[in-house]
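**Student:**
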Amino acid sequence: MTSSAQGSSILRKRWQGKWGLVTGASAGIGMALAEELAAAGVNLVLTARRQDRLQALAAKLATAFGIQTKVLVADLEQADAPEQIFAATEGAGQSIDVLINNAGFGYYGEFSKGDPARQTAMVQVNCSAVVALTNLFLPRMIARKRGDIMIVASTAAYQPVPYLATYAATKVFDRFLAEALAQEVRPFGVHVSALCPGPTESEFGQVAGSPADQFRGSQKASSVARKGLEGLALGRQWVIPYFVGQAGVFVQRFLPRRMVTAGVAKAFRPKN
Ligand SMILES: NC(=O)c1ccc[n+]([C@@H]2O[C@H](COP(=O)([O-])OP(=O)(O)OC[C@H]3O[C@@H](n4cnc5c(N)ncnc54)[C@H](OP(=O)(O)O)[C@@H]3O)[C@@H](O)[C@H]2O)c1
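Just so you know, we're using full-length UniProt numbering here: the sequence shown kicks off at 1 and counts up by one.
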């Protein structure tokens, strides 16, 4: 665990003593987001499919930071999972002040040779579940005139990514959803923010089947989480948590997209 004992003062100021819900908390960026929130004194609902991991994390965070925790096992490939998560929290009288839509996965390789079921499951987890969860939790935040929602997108959301084609398309969806909602709900005191990491230390590459060299020099998940959460607390509509990503996104605005996509295709083309 890399969070400092006191956590970020920005997070503490906005959320200490409140309840947050983190999807995909059993690994990688989601686990780091949970750790940062816990260090700031935020009580947590942790959800994903791997119950053992969630229970171990919940116990560790409760002991280290004296927060309350709740574990909800849910598979976001199932269309009714968001309603079950809502029923077990807001539906049971537990207000959620910070909703972190983090769960997601990628699928690397030539689109035409890929498993169609895996591609559509990715759209379900990365997009449909995000829409459903946000739709369920947002109205109560608006009614309370306070709330914060993070949607984890990616720097893959800033250009097409051949060989991660569906994944990058899901992340454009996430980014645009977050940025649009941020404008809609700002007048009601609710923040929505797209966190757009680049290569980050996690299980993502292994799950996606990506070559290891695509993750060389990856950012630590704790750094991504801290920057994303501080951006959300401060009302930023999007956060790219590292300088090279910010610079890359800025520069490619001035280049023809076809040229950018061709360059990305060269970098991502499978070697064999
Ligand atoms: N790592 C990167 O380089 C990178 C870069 C940009 C954006 N991102 C984004 O960051 C987010 C987190 O990814 P990560 O890098 O932390 O990957 P990770 O280490 O593989 O973690 C993914 C998390 O999502 C959960 N998840 C996956 N499928 C699920 C399902 N069907 N139902 C419920 N939970 C599910 C996993 O939990 P279970 O397996 O226990 O269900 C796990 O907790 C994703 O949205 C990803 O697109 C990652």
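Ideal Cβ placement from N, Cα and C applies to all residues, glycine included.
Remember, it's a predicted structure, so these values are computed and weren't measured experimentally.
Checking contacts by CB at 9 Å: is T23 closer than that to chain B?
**Tutor:** Among the chains of the structure shown, chain B does not appear; only one protein chain is present.
**Student:** Alpha carbons only, please: which of Q94, Q206, Q183 and Q214 is nearest the one belonging to N198?
**Tutor:** In the sequence as presented, Asn is not what sits at residue 198; that position holds Gly. G198 has its Cα closest to that of Q214, out of Q94, Q206, Q183 and Q214.
**Student:** Would you identify the three-state DSSP class for V161, choosing helix, strand or coil?
**Tutor:** Correct three-state label for V161: coil.
**Student:** If you compare alpha carbons, which of E184, A233 and M141 is closest to L37?
**Tutor:** The residue with the shortest Cα to Cα distance from L37 is A233.
**Student:** Once DSSP output is grouped into helix, strand and coil, what is the label at Q246?
**Tutor:** DSSP places Q246 in helix when its eight states are reduced to three.
**Student:** Should L76 be counted as a contact of ligand 1 given a C-beta to heavy atom distance under 8 Å?
**Tutor:** At least one heavy atom of ligand 1 is nearer than 8 Å to the Cβ of L76, so yes.
**Student:** Got a sec? Which residues, its chain only, sit under 8 Å from P119 by beta carbon, not counting five neighbours each side?
**Tutor:** Note that residue 119 is Gln in the sequence shown here, rather than Pro. Y107, F111 and T166.
**Student:** Could you check where the alpha helix (DSSP H) with D52 kicks off and where it finishes?
**Tutor:** Q51 to F65 is the extent of the alpha helix (DSSP H) around D52.
**Student:** Nearest to P82 by CA position, among Y163, S128, Q94 and G66, is which residue?
**Tutor:** Checked all of Y163, S128, Q94 and G66; the closest Cα to P82 is S128.
**Student:** If we count the other Cβ atoms within 10 Å of its Cβ and call it buried at 16 or more, is V192 buried or exposed?
**Tutor:** When all chains shown are included, V192 counts as buried.
**Student:** Just list the beta strand (DSSP E) runs in the region 58 to 107, keeping only unbroken ones of 3 residues or longer that don't cross its boundaries, in chain order.
**Tutor:** Listed in chain order, they are 69 to 73 and 98 to 101.
**Student:** Using only alpha-carbon positions, find the residue among A40, V161, N102 and V152 that is nearest to Q237.
**Tutor:** Checking every option, the nearest Cα to that of Q237 belongs to V152.
**Student:** According to the Cβ coordinates, are A59 and T69 closer than 9 Å?
**Tutor:** Yes, Cβ-Cβ distance for A59 and T69 is below 9 Å.
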